[in-house]
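Contents: one structure, followed by commentary.
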Amino acid sequence: MATRIAVDERAPVKARYGPIDWMGGWKTCVWGSLAIVVLTALHWWYTSRFAWTAGIDASSPEFTKYFRSLVWVQLIVIGAGTGLWWGWLVRTGRQLLAVKVTPDEEVRRIAVFWGLISMTSITLYVMASFWPNQDGSWHQTAIRDTALTPAHIPMFYWWFPGGITMTVGTYLYGRYRLPKVYGPDKGFPWSFFFLIAASVTEMMQVAFNEWAHSLWILEEIFAAPFHWPFVTYGWLASGIFALWAETIIRLLGIEKEVEDAAAASPAR
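Residue numbers (the working numbering): 108 to 375.
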């Protein structure tokens with residue numbers, strides 16, 4: 108017995124905002140980047156507020172209240188948030204691969220993708236420049252270096268994992284939402300290989316760095332040999348620039364496809 112499938116032929120509802128409007132495709136860039144900046148400011152304010160009153164003695168009840176509890180909150184939130192976000196990107200993305208994408212929608216997705224790149228850029232700066240400088244000033248002042256210090260807790264247990272969250276999440280978005288650039292049939296792009304490797308390398312190097320700090324006093328010697336591998340992170344992170352180039356090429360391709368379709372359509 109044949110099965111009949113009803114097809115909805117109603118005209119699509121026009122979106123309230125265009126693909127490149129500030130509250131359309133650029134919304135991710137605006138609000139996502141702002142959220143990261145605000146979170147950075149809150150982290151900085153919190154550690155500055157309680158570092159000298161509760162952050163000196165890691166065995167004190169005050170340290171447990173203000174900083175050890177922060178470790179667990181951060182790990183739980185970023186662990187659960189990362190799993191949910193990645194899972195949502197994969198689950199919904201597999202469904203979207205079978206849906207034909209209009210030029211406007213693909214342009215909107217590229218704008219969202221660029222917003223994710225912006226969020227990733229800010230995250231990588233915060234994790235590898237802002238907080239390491241805060242950490243260096245702490246070492247030069249308080250000397251004490253353990254895995255749990257007021258400077259290490261935001262950096263190690265939120266921002267370094269956050270770098271991996273953003274780089275992998277951005278790749279998953281591109282893989283499923285921009286299949287003509289990063290689809291499964293395109294293979295794994297070198298740009299994302301370098302970018303993801305940068306965030307993973309940075310986190311691994313920090314672990315080795317802390318091990319070295321337990322053997323040698325390197326706090327005030329920023330050019331110490333054990334710090335040299337941090338330079339590799341910067342080289343690898345430059346892969347992020349290729350993401351713009353790859354998607355700009357696709358934008359030019361979309362423009363060409365639209366022009367060809369318009370030229371091929373019969374004149375009215």
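Glycine included, C-beta positions come from ideal geometry on N, C-alpha and C. Treat the numbers as computed from the prediction; the structure is a model and nothing was measured.
Helix, strand or coil for residue i? Go by DSSP, reduced to three states.
i	result
F329	coil
W129	coil
A165	coil
W192	helix
P336	coil
V208	coil
I355	helix
W323	coil
Y278	helix
Keeping to the same chain, check which residues put their C-beta closer than 6 Å to that of residue i; ignore five residues upstream and five downstream.
i	result
W319	Rather than Trp, the amino acid found at residue 319 in this sequence is Ala. Excluding sequence neighbours, A319 sits near F333.
If I'm right that residue i touches residue j with Cβ under 8 Å, what's the distance once you round it to whole angstroms?
i	j	result
I217	T354	5 Å
W266	V233	6 Å
I361	V214	6 Å
F299	L343	That belief does not hold up - the Cβ atoms of F299 and L343 are roughly 11 Å apart, past 8 Å.
What first and last residue would you give for the alpha helix (DSSP H) that runs through residue i?
i	result
F315	297–320
L255	Taken as a continuous stretch (DSSP letters only), L255 belongs to no alpha helix (DSSP H), as it is neither H nor E.
Quick one: what's got a C-beta closer than 7 Å to residue i's C-beta in the same chain, skipping five residues either side?
i	result
L204	Y283, P286
A148	none
Tell me whether residue i counts as near the ligand MN, meaning its Cβ is closer than 7 Å to at least one heavy atom of that ligand.
i	result
T354	Of ligands this structure carries none, so the ligand MN is not represented either.
If you compare alpha carbons, which of the options is closest to residue i?
i	options	result
Y278	M262, T256, A304	A304
V313	V338, F299, T160	V338
I229	T253, R201, T274, E213	T274
V144	S176, W221, M226	M226
G188	V206, V208, T272, S176	T272
D128	E212, D292, A352	E212
P268	V365, W138, Q181	Q181
Y264	G341, Y124, S140, W238	W238
Going along the chain, which residues of its own chain have a beta-carbon closer than 8 Å to the beta-carbon of residue i, five neighbours each way excluded?
i	result
P257	T154, F157, A158, G162, F174, W245
Is residue i close to chain C? Criterion is C-beta to C-beta, closer than 8 Å.
i	result
L358	Judged by its chain identifiers, the structure shown contains no chain C, having just a single protein chain.
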